[in-house]
Amino acid sequence: KAGVTQTPRYLIKTRGQQVTLSCSPISGHRSVSWYQQTPGQGLQFLFEYFSETQRNKGNFPGRFSGRQFSNSRSEMNVSTLELGDSALYLCASSLRRGPNTGELFFGEGSRLTVL
Amino acid sequence: SQQGEEDPQALSIQEGENATMNCSYKTSINNLQWYRQNSGRGLVHLILIRSNEREKHSGRLRVTLDTSKKSSSLLITASRAADTASYFCATGETSGSRLTFGEGTQLTVNP
Numbered sequence: 049k050a051g052v053t054q055t056p057r058y059l060i061k062t063r064g065q066q067v068t069l070s071c072s073p074i075s076g077h078r079s080v081s082w083y084q085q086t087p088g089q090g091l092q093f094l095f096e097y098f099s100e101t102q103r104n105k106g107n108f109p110g111r112f113s114g115r116q117f118s119n120s121r122s123e124m125n126v127s128t129l130e131l132g133d134s135a136l137y138l139c140a141s142s143l144r145r146g147p148n149t150g151e152l153f154f155g156e157g158s159r160l161t162v163l
Numbered sequence: 003s004q005q006g007e008e009d010p011q012a013l014s015i016q017e018g019e020n021a022t023m024n025c026s027y028k029t030s031i032n033n034l035q036w037y038r039q040n041s042g043r044g045l046v047h048l049i050l051i052r053s054n055e056r057e058k059h060s061g062r063l064r065v066t067l068d069t070s071k072k073s074s075s076l077l078i079t080a081s082r083a084a085d086t087a088s089y090f091c092a093t094g095e096t097s098g099s100r101l102t103f104g105e106g107t108q109l110t111v112n113p
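Listed in order, the protein sequences are those of chains A and B. The opening residue of the first sequence carries number 49 in my numbering; numbering runs sequentially from there. The opening residue of the second sequence carries number 3 in my numbering; numbering runs sequentially from there.
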């Protein structure tokens, strides 16, 4: 069974640009979550999608958005990039959602550098 | 914001020794999980312990949970150089799916 696939793995953007990151969950997994990882703030929850609906959102500005498609694939978008958006963006999938979600399966991440 | 605080932030040991990492959290939880991350890579799930459990084992891993103290520990026995990685605890909410991660412990196992 293929794991969680994130594309692109690495990208470099300049301030003010926008970026779209893609995540294909494990086949059959309907819940997709996104996390941002930086040296200063650690791992922070961005949002969670289940059945094409955003179910939960972290404390990030509106420049961060996402969506989920009918095949459970998900994308996240960051507009008007700032230097502080440089981070490893991690996508995770799971079979269920809710307090009994259990383990998350993470992709390798998309490393974004903003210059 | 980070729910968990991990201790120590960094740990360096010799192969064959045991490694113990601690995690504290602040709110009520449904479960607590430990993940491993090799440098710049994705996270790999190691073990999950539910709030009504006190101890769990998986191979060379032993996790304890003390909900009265809001703390957990991860013990890796007979460590190997391949165990070198960052280890994160993550708490699962009582109502949702969000995981809140600790700051992580960087473990270095010297051959």
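Glycine included, every Cβ here is placed at the ideal spot set by N, Cα and C.
Of the residues A/Lys61, A/Arg63, A/Trp82, the one placed nearest A/Ser70, counting alpha carbons only | Against the first sequence, residue 70 of chain A aligns to sequence position 22. Here the closest residue by C-alpha is A/Trp82.
Taking Cβ-Cβ distances below 9 Å as the criterion, which residues of the segment 133-150 of chain A are in contact with chain B?
-> For the segment 133-150 of chain A, which is checked against every Cβ of chain B, the residues closer than 9 Å are Leu136, Leu138, Cys139, Ala140, Ser142, Arg144, Arg145, Gly146, Pro147, Asn148, Thr149, Gly150.
Coil, strand or helix - A/Leu131 by DSSP | As a working mapping, residue 131 of chain A is identified with position 83 in the first sequence. Three-state result, A/Leu131: helix.
Taking any Cβ of chain B, which residues in the segment 70-86 of chain A have a Cβ under 9 Å from it, in chain order?
-> Residues of the segment 70-86 of chain A with a C-beta less than 9 Å from any C-beta of chain B: Ser79, Ser81, Tyr83, Gln85, listed in chain order.
Closer than 9 Å to chain A by CB, B/Tyr37 = Locating residue 37 of chain B in the second sequence gives position 35, counting from the first residue. At least one chain A Cβ lies under 9 Å of B/Tyr37.
Of all the CB atoms in chain B, is at least one closer than 9 Å to the CB of A/Arg121?
-> Reading the first sequence from its first residue, position 73 is the one you call residue 121 of chain A. For A/Arg121, the nearest beta carbon of chain B is not closer than 9 Å to its own beta carbon.
For A/Gly110 and chain B, any beta-carbon pair shorter than 9 Å?
-> Position 62 of the first sequence, counted from the start, is the residue given in the question as residue 110 of chain A. Not one chain B Cβ lies under 9 Å of A/Gly110.
Please name the residue in B/Lys72, B/Ile78, B/Gly42, B/Ile31 whose C-alpha comes closest to that of B/Leu48.
-> Residue 48 of chain B sits at position 46 when you count from the first residue of the second sequence. Looking at the Cα atoms, B/Ile78 is the closest of the given residues.
Minimum Cβ-Cβ distance from A/Gln116 to chain B less than 9 Å = Counted from its first residue, the first sequence places residue 116 of chain A at position 68. Contacts with chain B at 9 Å (Cβ-Cβ) do not include A/Gln116.
Shorter than 9 Å from the beta carbon of B/Glu105 to some beta carbon of chain A?
-> Residue numbering aside, residue 105 of chain B sits at position 103 when the second sequence is read from its first letter. Interface criterion met: the Cβ of B/Glu105 is under 9 Å from a Cβ in chain A.
Neighbouring residues, chain B, relative to A/Gly88 (Cβ below 8 Å) = Taking the first sequence and counting its residues from 1, one reaches residue 88 of chain A at position 40. Result: empty, since nearest Cβ-Cβ is about 10 Å, beyond 8 Å.
Cα-Cα separation, A/Lys61 to A/Gly132 | Walking along the first sequence from the start, residue 61 of chain A turns up at place 13. Walking along the first sequence from the start, residue 132 of chain A turns up at place 84. A straight line joining the alpha-carbon of A/Lys61 with that of A/Gly132 spans about 12 Å.
Within chain A, partners of B/Ser30 - CB distance below 8 Å = The residue you call residue 30 of chain B lines up with position 28 of the second sequence. The premise fails here: B/Ser30 is roughly 11 Å from chain A at the closest Cβ pair, so nothing lies under 8 Å.
Cβ shell of A/Gly88 (< 8 Å), same chain only, five flanking positions each side left out = Sequence index remark: in the first sequence, residue 88 of chain A carries index 40 (1-based). Around A/Gly88: no qualifying Cβ.
Whole alpha helix (DSSP H) elements within the segment 97-157 of chain A, 4-residue minimum | Assignment of alpha helix (DSSP H) within the segment 97-157 of chain A, counting only whole runs of 4 or more residues, yields no such run.
Express the C-alpha separation of B/Ala84 and B/Lys58 in angstroms, rounding to a whole number.
-> Along the second sequence, read from residue 1 onward, the residue named residue 58 of chain B stands at position 56. Along the second sequence, read from residue 1 onward, the residue named residue 84 of chain B stands at position 82. A direct Cα-to-Cα measurement between B/Lys58 and B/Ala84 gives close to 22 Å.
Throw me the rounded Cβ distance for the A/Asn125 and A/Ser134 pair, which I believe falls under 8 Å.
-> Taking the first sequence and counting its residues from 1, the one referred to as residue 125 of chain A is at position 77. Taking the first sequence and counting its residues from 1, the one referred to as residue 134 of chain A is at position 86. 16 Å between Cβ atoms; not a contact.
A/Gln92 at chain B interface by Cβ criterion, 9 Å | The residue you call residue 92 of chain A lines up with position 44 of the first sequence. Taking Cβ atoms only, chain B reaches closer than 9 Å to A/Gln92, which makes this a yes.
Within 10 angstroms of its Cβ, does A/Pro73 collect 16 or more other Cβ (buried), or is it exposed?
-> Along the first sequence, read from residue 1 onward, the residue named residue 73 of chain A stands at position 25. By the neighbour-count rule (16 or more Cβ atoms within 10 Å), A/Pro73 is buried.
How long is the line joining the alpha carbons of B/Ser3 and A/Gln92, rounded to whole angstroms?
-> Counting from one through the second sequence, the residue named residue 3 of chain B turns up at place 1. Counting from one through the first sequence, the residue named residue 92 of chain A turns up at place 44. Note that B/Ser3 scores a pLDDT of 38, beneath 50, so its modelled location is shaky and nothing firm can be said.
Mind checking if B/Leu109 is an interface residue toward chain A, Cβ cutoff 9 Å exclusive?
-> Taking the first residue of the second sequence as 1, we reach residue 109 of chain B at position 107. With 9 Å as the cut-off, B/Leu109 does not count as an interface residue toward chain A.
Over the uninterrupted beta strand (DSSP E) stretch that includes B/His47, give me the two end residues.
-> The residue you call residue 47 of chain B lines up with position 45 of the second sequence. 45-52 is the span of the beta strand (DSSP E), which, as asked, contains B/His47.
Go through the segment 27-112 of chain B residue by residue and report every complete run of the beta strand (DSSP E) that reaches 3 residues or more, in order.
-> Listed in chain order, the beta strand (DSSP E) runs fully inside the segment 27-112 of chain B are 33-39, 45-52, 57-60, 63-68, 73-78, 87-94, 101-103, 107-112, counting runs of at least 3 residues.
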